[in-house]
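Taking it in order: structure first as structure tokens, then the write-up.
Numbering (my numbering), first residue to last: 79 to 197.
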């Protein structure tokens, strides 16, 4: 559990690397961050500095190479995809840069699709 019960999400010593064309790109290096319930947070920086990677790791879309992501008192850094999917569906809202829509569905059907049972 987080030390402070008002903490919604916490990143502790989070690292994430990618390999591209034989090079290692260190997207996140020893990130520590605490976001309390009700807080508004702005993440800004130049293209390629790791903003999207940080958001993906905080939300469980991607996993850190090392460190902890404490979400609502639970370390999700090594959680199973089924657990992460449930957390995202029930507790996290997204507005993506790209649309991530199912092209054969209407806008309303795309929103309703979030409510469909997985299996």
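Built from N, CA and C at the ideal position, the CB exists for glycine as well.
Per-residue burial, residue i [other beta carbons within 10 Å of its own, 16 or more giving buried]
| i | result |
| --- | --- |
| residue 106 | buried |
| residue 137 | buried |
| residue 193 | exposed |
Collapsed DSSP secondary structure at residue i in the structure displayed
| i | result |
| --- | --- |
| residue 132 | helix |
| residue 137 | helix |
Opening and closing residue of the beta strand (DSSP E) in which residue i lies
| i | result |
| --- | --- |
| residue 145 | 144-149 |
| residue 105 | 101-114 |
| residue 95 | 85-98 |
For residue j and residue i, believed in contact at Cβ under 8 Å, the rounded distance
| i | j | result |
| --- | --- | --- |
| residue 143 | residue 95 | 6 Å |
| residue 135 | residue 92 | 6 Å |
| residue 146 | residue 157 | Contact doesn't hold; Cβ gap of about 11 Å is too wide. |
Discussion item. So within the stretch 151-192, which uninterrupted alpha helix (DSSP H) runs reach at least 4 residues, ignoring any that extend past its ends?
Written reply: Listed in chain order, they are 159-169, 185-190.
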